[in-house]
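Here this note's numbering is used: the first residue of the first sequence is 27, the next is one more, and so on.
Virtual Cβ for every residue (Gly too), placed ideally from N, Cα, C.
This one's a predicted model, so the numbers in the text were calculated from it and none came from an experiment.
Notes for the one structure printed next.
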Amino acid sequence: MEYNFREIEKKWQQQWRNSGAYKVSNDSDKPKFYVLDMFPYPSGAGLHVGHPLGYIASDIYARFKRLKGYNVLHPMGFDSFGLPAEQYALETGQHPAVTTEKNIARYKEQLDNIGFCYDWSREVRTSDPSYYKWTQWIFLQLFDSWYNRKNEKAERITVLAAIFEKEGNTNNQCPGDRKLTFTAEEWKSFDNQRQQEILMDYRLAFSAFGEVNWCEALGTVLANDEVVNGVSERGGYPVVKKKMRQWYLRITEYADRLLQGLEQVDFSDSMKEMQRNWIGKSQGAEITFRLTPGPSPRREGSQETSEEMSGHFFKTGDQKFWKTLKGYGRDNRKNATEAEDILWQKLRNNQVGTKVRRQHAINGFIADFALMEINLVIEIDGEYHNEQQQQEYDEARTKYLGEFGFDILRFTNDEVLQQTESVIANLKQEIESRKQLRNTMAVPPLHREEKGSGDEAALRVYTTRPDTIFGVDFMVIAPEHELVPKITSPEQKAEIDKYLDYVKSRSERERLAEVKSITGAFTGAYAINPFDGRQIPIWISEYVLAGYGTGAIMAVPCGDQRDFAFAKHFNIPITNIIGDAYNGEEANPTKDAILQNSDFLDGMVMRDAINIVIDDLEEMGIGKRQVNYRMRDAGFSRQRYWGEPFPIVYKGGVAFALDEGQLPVELPYVDTYSAGPEGEGPLANLADWIIAPGGGTRETNTMPGYAGSSWYFLRYMDPNNDKAFADRKATDYWNQVDLYIGGTEHAVGHLLYSRLWTKVLFDLGYIGFDEPYKKLVNQGMIQGSSRFVYRIKGAMKFVSAGFINEYDTDKLHVDVKLVDGVELDIEAFKNSKPEYAAADFVLEDGKYICGAEVEKMSKSKYNVVNPDEIVERFGADTFRMYEMFLGPVEQSKPWDTKGIEGVHRFLRKFWRLYADETKGLIVTNDAASPAELKVLHRTIKKIEEDTERFSFNTAVSAFMVCANELNDLKCHKKEILEPLLILLTPYAPHIAEELYQLLHNDSLSHREGRGEVSILDASFPKLEEKYLVESSKEYPISINGKHRANIRISLDAAQPEVEKIVLANDIVQKWLEGKAPKKIIFVKGKMINVVI
RNA sequence: GCCCGGGUGGCGGAAUUGGUAGACGCAGCAGACUCAAAAUCUGCCGUUCGCAAGGAUGUGCUGGUUCGAUUCCAGUCCCGGGCACCA
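Right under this line is the structure:
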């Protein structure tokens, strides 16, 4: 009876299919376990031996858990929407639906060959309308939701609209437009279109005009993670910025929860790190600096004024000024005078034609009322303002504010109280004339920054190091910053324009590629350090990104290397605030230095100063704590055909969700895949389709690849449900994926998005868990082992690897199929291509030896190994075990077809423990010896532990050791061999089932009513520790730490006894040379060390 | 530049908590069986000195801690992956 693996494997694959052995029920008393693979994109090339690595690992684990008594869900499906099918359609005209279908059929065949235990009745395909109906449905839930920051969860948009009705948006800052504020009254006065626009700025799925990564060559928009170094990840085509109406997912609202969720999941450190990096949370402060248009005349002459001013207003040393401020400012806000209240009621809510702020801080100065749009301050003078000291104070601040273009209008308490109407009239007149003046001025008034908090003529910067405020030597703002044209001085205009032209001329790619060169230009404007009044020049430079923080930084060259390089390059003097910690050669980003040259911070450790400075800034009203994220909202539309259509219709420019009953919006058939007009997707060409049945026009974008894959793990739980994406009972039962296996390439894309979707579905109450994957294992890549031949230049003559130094040769990839190890099959090579037929060879020892290199497995490198061929030659069981034997799953390693023979030999040897070529089954019912039982139970222990910790390579080697030992013991006993088969089942299910059935069909087995029980449902053997107990140990004896001898000593022996035995040993005596040992270290059960 | 991994025979790799370094397999060498081949089996297999017994040396490198270090610590070099002007 031979090990006929081909026959055995076919037979059992068929049998298992017929019996529904892999069918999984949602209704079971057993504990559940969910093992998931990252489903593949069915490409035209089929699988190579690298692909199944993770699938085999998960299959082993799933089968192992099944033997351990779990109800195991282990499904498979296809991520069948995507670019390649469409690219292929563009080239060949074949419809993506056709090629996708074909590719899936091929994939399934290949997967089945390997003997995976998938429940195919649960197969999902993201391109199937019955699947993407629910992708569209979930999208609509996102569209219908906003993120309530107070409750830290998604809520329905109707809830938000109700809040607006009641209180406007004062308690819910708009994530799409930070400056948008309105009252309940204002909300009610908006027309529907305006209301919809505002709601859009809150929705979790929203459309907006945005700069997107536009790839001309692919004719589509790419997500940030699909762009690498300024070119497309796929194809390497150039990518430029383009403004388009796009859909986005507001993932930034979930940044913190995505970050916190990482604490609860079992992902590798590097995987978590990658996600953290991508989210890019940083804590710091936003600081607003007042500007001066140019260096004030006093700057050059003497520092008198600023010193005087700082004496007056910036008593920083003892913080007296801030205490004064508190007195005049905050208390006043709480206990506003009657006059102030009266005036406020007349001024608020735009009643006088401009927005008025009460008790508003302007660079450390608190105005009673501030009209920022027209640079006007209103002061109401009470009695105390008549005192001499106060008059001086008032004059000084009039002068000071005047420097920043503010005028002060003063009224007395009495005026306001008794002549309210005339005060208001005066005020209105002043406002009107100032407005007109503004409009006629050549330079447009400083209006709000796009994302600003409202301070005009001010520069807001984001910094993580407010403690270095006294080391700020210049400011840098992004070239795109809207302040640039407003603050550039006439003298500097030419230079700035030149620089802006230069920036414009550089493609995204160049900007990203050459990050080392230092460029920039001075605007001629200055910012004022609020603590010491220092005037700080403002520069623009590429190295500051418009999209992050405020698009502006305060540069501290002694502490930041980029700032340092910039200062050196432009000869900007550097202030050292960290004493010896700064050496003048390079910046030192430490937080542990003691601050110097830092006024009231002197002597403080930087780390401690951070919060003190922020507190002060907050008190002064010119700064606040701010958390920033590097992550951007995720672009969610593609100008492509082969993806999910949006369930969205536009009416009058407003996007409306289709009713659930109108889903799915099926992807219409097209015969051409070229882009629509204006670079839209192919759907835009379908004039009929665009018009929606209920009126309005359809969205013509389609969803990106990650849409379908963001929730597929839920669909497997209840794949045929047409009432819901999955029944709540099913999702409650299967819950989180217990084990997820896949490649690291999805670290930030797929994993982050599916975590987001899960959180939203959880928030909305559709599922009961908010992290999809409990544990993630990343399989490594199996690399190709390429082979090379060396052709003499200009000849059809090939030189064996040993002689390549003697000739001038070209190195050519040769198909690994034509090579055995490194030896070229010369005949096969000659037949492989017509031009090689007459090739000549320089051989060594009569052989042609090829060069070898490890590379990525790819068609173009001729190093692809097809699993089908391996399965045909060695069988699926061998293939499965060999892939595992290659090394740790997480690790990348090269494929080596030669090595597979070792595993194959093992399986044949294993077979011979049970069956003999001539005698047939040779298993006996004899009682097992202690030695045999020890081998068995040691193996049980090892296999169980190794499988549980995904150390499949050592498990395979444990099987080999076991087979070798049983072979040495000539053990053919059922008592040993039957449990061993169960151990082997997850790894090599076909051979295990075959032998198992042989054992049970044989006369020596009493079936004990077992019926036709498959080994797939056997129980994992129970470890009996008693068989492993040893009474003695072969102790290694070291002399001074060097291993010299072994002595078998009873494990009961105590130290004195052990010492006696050791010292009596000849070898120990030899090394002692008659001396007495200094010490004898005895570690029970481990080793003995004699120190001389 | 920053952040993660990782460096062990000719090769893939093992050593789970600081305790016999190189399990298991590939390749190689020698032998048995065979007319021969395949298959199978046995032995050897880090380097080095030695006929051998037995030594010396050895886990990228330099130090340290320890009775004892592949394992812990400091520094350094190299390789792989990720991020990359994120203030």
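Contact belief for residue i with residue j at Cβ below 8 Å, rounded distance in angstroms
{"i": "Ser-1045", "j": "Leu-93", "result": "7 Å"}
{"i": "Ala-660", "j": "Ile-164", "result": "Wrong, their Cβ atoms sit about 14 Å apart, outside the cutoff."}
{"i": "Ser-811", "j": "Asp-922", "result": "6 Å"}
{"i": "Ser-663", "j": "Trp-273", "result": "4 Å"}
{"i": "Ile-1017", "j": "Leu-959", "result": "23 Å between Cβ atoms; not a contact."}
{"i": "Ile-140", "j": "Ala-902", "result": "5 Å"}
{"i": "Ile-600", "j": "Thr-489", "result": "Not quite, the Cβ-Cβ distance comes to about 17 Å (not below 8 Å), so this is no contact."}
{"i": "Tyr-263", "j": "Leu-285", "result": "Rounded, the Cβ-Cβ distance is 33 Å, inconsistent with contact."}
{"i": "Ile-1008", "j": "Ala-984", "result": "The pair is not a contact, with the Cβ atoms about 15 Å apart (cut-off 8 Å)."}
{"i": "Val-982", "j": "Met-910", "result": "5 Å"}
Residue i versus residue j: straight-line alpha-carbon distance, rounded
{"i": "Glu-879", "j": "Tyr-67", "result": "28 Å"}
{"i": "Lys-349", "j": "Val-639", "result": "Per-residue confidence for Lys-349 stands at a pLDDT of 37, beneath the threshold of 50, marking its modelled position as unreliable; the derived number appears in the next sentence. Roughly 15 Å separates the two Cα atoms."}
{"i": "Ser-233", "j": "Gly-877", "result": "55 Å"}
{"i": "Glu-33", "j": "Glu-181", "result": "58 Å"}
{"i": "Lys-298", "j": "Asn-804", "result": "12 Å"}
{"i": "Pro-511", "j": "Ile-522", "result": "9 Å"}
{"i": "Lys-341", "j": "Lys-677", "result": "The predicted position of Lys-341 is uncertain, since its pLDDT is 27 and thus under 50; a value taken from the coordinates is nonetheless stated next. One C-alpha to the other measures close to 60 Å."}
{"i": "Cys-584", "j": "Ile-604", "result": "8 Å"}
{"i": "Asp-558", "j": "Met-580", "result": "15 Å"}
{"i": "Val-185", "j": "Met-743", "result": "31 Å"}
{"i": "Tyr-48", "j": "Trp-42", "result": "7 Å"}
{"i": "Ser-84", "j": "Asp-145", "result": "14 Å"}
{"i": "Asn-375", "j": "Arg-560", "result": "36 Å"}
{"i": "Ala-578", "j": "Arg-486", "result": "7 Å"}
{"i": "Lys-650", "j": "Ala-396", "result": "20 Å"}
{"i": "Ala-593", "j": "Arg-220", "result": "47 Å"}
{"i": "Ile-503", "j": "Glu-421", "result": "34 Å"}
{"i": "Gly-478", "j": "Gln-290", "result": "Confidence at Gly-478 is low in this model, with a pLDDT of 36, below 50, so the placement of that residue should be treated as unreliable; the coordinate-derived value is given next. So the alpha carbons of these two residues sit roughly 36 Å apart."}
{"i": "Thr-1011", "j": "Gln-39", "result": "14 Å"}
Residue i - partner residues in DSSP beta bridges
{"i": "Ile-368", "result": "Partner(s): none; Ile-368 has no beta bridge."}
{"i": "Pro-671", "result": "Thr-728"}
{"i": "Ile-620", "result": "Val-631"}
{"i": "Ala-483", "result": "Paired residues: none, contrary to the question."}
{"i": "Ala-234", "result": "Gln-272"}
{"i": "Arg-229", "result": "Trp-172"}
Under the three-state DSSP convention, the category residue i falls into
{"i": "Ala-733", "result": "helix"}
{"i": "Cys-241", "result": "strand"}
{"i": "Asp-851", "result": "coil"}
{"i": "Leu-658", "result": "Checking the displayed sequence, the identity of residue 658 turns out to be Arg instead of Leu. Three-state DSSP puts Arg-658 in coil, outside helix and strand."}
{"i": "Val-498", "result": "coil"}
{"i": "Glu-1034", "result": "Confidence at Glu-1034 is low in this model, with a pLDDT of 47, below 50, so the placement of that residue should be treated as unreliable; the coordinate-derived value is given next. Here Glu-1034 sits in coil by DSSP."}
{"i": "Thr-318", "result": "strand"}
{"i": "Lys-192", "result": "helix"}
{"i": "Glu-312", "result": "strand"}
{"i": "Leu-109", "result": "helix"}
{"i": "Glu-797", "result": "coil"}
{"i": "Asn-804", "result": "strand"}
{"i": "Ile-603", "result": "coil"}
{"i": "His-199", "result": "The question names His, but residue 199 is Gln in the sequence shown. Here Gln-199 sits in coil by DSSP."}
{"i": "Phe-557", "result": "coil"}
{"i": "Gly-585", "result": "coil"}
{"i": "Gln-652", "result": "strand"}
{"i": "Val-442", "result": "helix"}
Practice problem: Return the chain-ordered ranges of every beta strand (DSSP E) run that is complete within the stretch 881-956 and spans a minimum of 3 residues. | Solution: none
Self-check item: Any beta strand (DSSP E) of 3 or more consecutive residues that is wholly inside the stretch 678-705
Solution: 680-683
Exercise. Within the stretch 1069-1118, note down every full alpha helix (DSSP H) run reaching 4 residues or more, in order along the chain.
Key: 1081-1090 and 1092-1098
Quiz prompt | Sequence ranges, alpha helix (DSSP H) only - wholly within the stretch 1004-1065, length at least 4 | solution = 1015-1027
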